[in-house]
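Presented below is the structure to which this report refers.
Residue numbers (the working numbering): 11 to 197.
Following this line, the structure appears as structure tokens:
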């Protein structure tokens, strides 16, 4: 009887020690820890699997942007350069490179920050509770920033400018009328 009680108590102690060891958080990779609001962390209850921050080591910063269907042809065919400004330092311009395009249109946004609820300009589908479904189809592109750009913008919006060659005003008016005409037929 006494030995059985000892084994049961030892098993309970082992389980509690294992649970206590799981209260320590460790990253599986080295780097700098970025937390959006570190002042909110002390004493906070954290659910298992919840994102607390990002560990950023040596990396190539990528920015995912969405382009409306009416502008995608211009971005694909005539982009001569891309400039990005971070919300934390709007005065500094970073040159970026267009590296990848998702080959089809979709309504799912990479981040809720791109929609109207997150401060963006994309109209959102009111039937979606997550705030990541656009009302109209968009195209997604990945932009690569140069190494050394600080990673404190993770999860936020950035200001992106696609540079295109100059065109005569008549060509621009024709393209606008064409886009308007096609949008009336939902093309």
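Each residue gets a CB set at the ideal place from its N, CA and C atoms; glycine is no exception.
Determine which residues share a DSSP beta bridge with residue 103 and list them.
95, per the DSSP bridge assignment.
Cβ-heavy atom distance between residue 122 and the ligand HEM below 7 Å?
The ligand HEM is not among the ligands present in this structure, which contains no ligands whatsoever.
Under 8 Å between C-beta atoms of residue 63 and residue 45:
Between residue 63 and residue 45, the C-beta spacing is below 8 Å.
With a threshold of 8 Å on Cβ separation, who are the neighbours of residue 135 within its own chain once the five nearest residues in sequence on each side are excluded?
Contacts found: 117, 143, 144 and 145.
Whole-angstrom distance between residue 21 and residue 30, CA atom to CA atom
Near 14 Å, if we compare the C-alpha coordinates of residue 21 and residue 30.
Nearest-angstrom Cα separation, counted from residue 148 out to residue 185
Rounded to whole angstroms, residue 185 to residue 148 spans 19 Å at the Cα level.
Nearest-angstrom Cα separation, counted from residue 83 out to residue 89:
Residue 89 and residue 83: Cα-Cα distance of roughly 10 Å.
Count the C-beta pairs between the stretch 98-114 and the stretch 176-195 that are closer than 8 Å, then say yes if the count reaches three, no if not.
no
For a quick check, are the C-beta atoms of residue 173 and residue 93 less than 8 Å apart?
yes
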